[in-house]
Structure formats: structure tokens, C-alpha cells
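Just so you know, the sequence shown maps onto residues -23 to -1, 1 to 319 in mature numbering (1 follows the signal peptide of the UniProt record, and there is no 0). Cβ atoms here follow ideal geometry from the backbone N, Cα and C, with glycine treated the same way.
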Amino acid sequence: MDLIKRWAGLLAVAAGCTVAASAAPLLNEGFNDVGTLAANGWVFVNNSSPPGSTAWFQGVPTVFPAATGAADSYIAANLNNATFGGAISNWLLTPQLALSNGESLNFSLRLLGEGFLDTVEVYLSTNGASTSLGGFNLLSAFDSAADTGWLDHSLLVGGLAAPATGRFAFRYVVDDTSVNGDYIGIDNVSVNAAAIPTPGTVALIVLGLCTLAGVSRKRKPASWLALSGLALMGTTVQALPEDGVMTFPHVNVVAQQAAPQPAAGRDAGGLKAYKDPVTGKLGDPTPEQAAALDAAIRASAAGPKARAAAPRVIHPPHGGVGMVLDTSHTPYEQTPAQGEKK
């Protein structure tokens, strides 16, 4: 019992250290005042051609309200980013951020559409404070010609050879404002660092293992049980597949193959009767007659007669007549009652 208490306390402290290691968001923007974004490191680049009368602007509640907060607390763009018939390419770059694998970009997005295609692309650059658009790589794209409502999205950073600095970017894209483009909104942009266990967490786990290893020989079964519990804590049980077989990591599950079924006609067993060609009487065949009947049955099943309607009449090579019977054609002979003659 003391061992269990020690182990439970160790896990509780380790869990607390892991939570403490979760850093505050690297970026958290609710767009309460779009006019302050530039001073906070955001960059606006409207490459629409030819440019229109709008760029990025404060959300308009009469079009639709914000995802959270005040009704106008989101950033918006519309088809007037370019002149009528022009092409929209309107960029919104985040401040420079520290980047590492496992970070997540989170945001709320709404495309109004109303029958006109709206598209928003999301990019990442690892070129520090650079605002050169050629250094941005596409992460994902979202488009719709109908109102999507506010949808929450999360994109993970991965594939970095080493930690870097750079920016995320949103790009509103419309190929021809005479046929596409309406109104879009972005809200609740945040960048969260991946949670990293502190060195104290790792040290506690090692300490726990050492403590368990030091348990007396009499209590070795309990220590091994605790170690097994530690191993199982890191085991993920996968969802049941369609065939109903549960799988585990590092375990190969091999399905037992069904026993092969004999080919049609291969087993010539069953009820056999032999009709004597002289007397015309039915009786049990001799071993020689049974073997001949089996050979004739196999030959019949292998040929076109295998598809013929039952019963099948066969003619063994040594004379007589044979018949392959199933349950619907099995003849029965009534046993005479006691005192009656057969």
C-alpha cells in the first residue's frame, strides 16, 4: 500500500510540473481595434490589381457579428479590395514570432459567399521579420460560395530542422470580382507553443523508477506491477476496426485463416445404394462397388453434370446404376411393425 501511495504522489507532482511547463500564447489577437495592429507588428500588403477602395478593416456588425466579444471585434475584407473585374490578393501578416515544431496557429474564420466564391489562404514564413511574400509557404486554403458561419481552425507547425523566427500570413484571394468575391472575417488569432515537460518532470519519473527498483526482494512482484502500470500508461489502444479485432502498438494480430473447404465432388461420402443389374434390388454396395461409385461421383461433379439438377444418375464402369441423393431425395423404407411380414 505504501508503494502505491508513493507512486500516486509521484504522478501527481509530475502532472503538475507538466502543466506548469505550458507556456503562455506567443500571440493572442481578438481584433478589438484594427487601427492598433500596425503598431503591434502586424503588416498589411494589398497586392490586388487594380487596387480597390478597401483593404483590411474593422468588422461590420450589420454584415455579421464577431465570433466572440464585441460585435465589431474582428478583421474583415471584401470584394472592394480590388476594382470591379479586378483580382484580389490582400495579405495580412502576423508579427514576427519564435517558431518551433508542435506550435499551433488557431483562428476563427467566416466566409460569407452569398453565391460568390470567397477564398482565404494561410501561409508561413521562417525568414524572421522579412515581409517578402515570396518567402511564404502555403499551409492551407479555405473557400466557399455560401455562408460558412464562424468556424474554428488549427494548423500545426512541423518539419522545421531547428527553431526559427518568422510570420504567419492570411491572404484573401478572388480571381475576378465581377463574378466572385463577397465578404470575409477573421477573429481570435492565437499562436500557442507546444507543451514541453520540464526537467523536473523527467527527474521525478527517473526517481520513481529508482525507488521502485530499491524495493526489497519480498516486494518485487509489487514493484514489477508498478513498472508494468508505468508502461501501460504510455500504451494507446486503437479504436476497433470494422472487423472487430482490437490492436495494440508493438503487437501483431494475425487473423486465423479459415480451414480450406473441400472442392465440390472431392468428398464422395454420403448415402450410397447399389441396384443389382440382374435382380433389380437395391442394397448396400460392396467395397469394390462403393469405390466405383465414388469414382463415378467425382467424375460427374467435375464435369457439366455438376450443375445438373439433382438427383444425378451415374453408371459405374462394372454395370449397375447409381444415384447421388441429397436430403430432398433420400428414400426411406418403413420398418414393419412387430408381427408383420416385410
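Checklist entry - Where Thr103 and Glu80 are concerned, what is the direct C-alpha to C-alpha distance, given to the nearest angstrom? => result Computed Cα separation, rounded: 13 Å.
Checklist entry - Relative to the C-alpha of Phe8, which residue among Gly29, Gly126, Trp33 and Pro2 is closest? => result Trp33
Checklist entry - Who are the near neighbours of Pro237 in its chain, counting only those whose CB is closer than 7 Å to its CB and skipping five residues on each side? => result With a pLDDT of only 44 at Pro237, under the threshold of 50, the placement of this residue in the model should not be trusted, and no figure is reported.
Next on the checklist: For the region 148 to 166 against the region 92 to 109, do three or more pairs of beta-carbon atoms, one drawn from each stretch, fall closer than 8 Å, so that the two count as touching?
Outcome noted: yes
Checklist entry - Whose CA, out of Ala75, Val255, Glu98 and Ala64, lies closest to the CA of Asn24? => result Ala64
Next on the checklist: For residue 322, list the residues DSSP reports as bridge partners.
Outcome noted: Limits of the chain in this structure are -23 at one end and 319 at the other, which puts residue 322 out of reach.
Checklist entry - Ends of the beta strand (DSSP E) at Glu6? => result Leu4 to Glu6
Checklist entry - Taking the C-alpha atoms as reference points, what is the distance between Gly126 and Val11? => result Straight-line Cα distance between these residues: approximately 21 Å.
Checklist entry - What's the call for Phe61, buried or exposed, on a 16-neighbour Cβ count within 10 Å? => result exposed
Checklist entry - Between the Cα of Gly29 and the Cα atoms of Ala146, Ala59 and Pro2, which residue gives the shortest distance? => result Ala59
Next on the checklist: Can you confirm whether Gly143, when its beta carbon is compared against all beta carbons of chain C, has any partner nearer than 7 Å?
Outcome noted: The structure shown contains no chain C; it holds only a single protein chain.
Next on the checklist: In the DSSP assignment, the beta strand (DSSP E) including Ala75 goes from what residue to what residue?
Outcome noted: Leu74 to Leu76
Checklist entry - What is the rounded straight-line gap between the Cα of Ile161 and the Cα of Ser117? => result 16 Å
Item to check | When Lys252, Ala15 and Thr31 are compared against Ala53, the one with the closest alpha-carbon | outcome: Thr31
Checklist entry - Between Thr71, Asp271, Phe147 and Ala250, which lies nearest to Asp261 when the distance is taken from Cα to Cα? => result Ala250
Checklist entry - How big is the Cα-Cα spacing for Leu101 and Ala122? => result 25 Å
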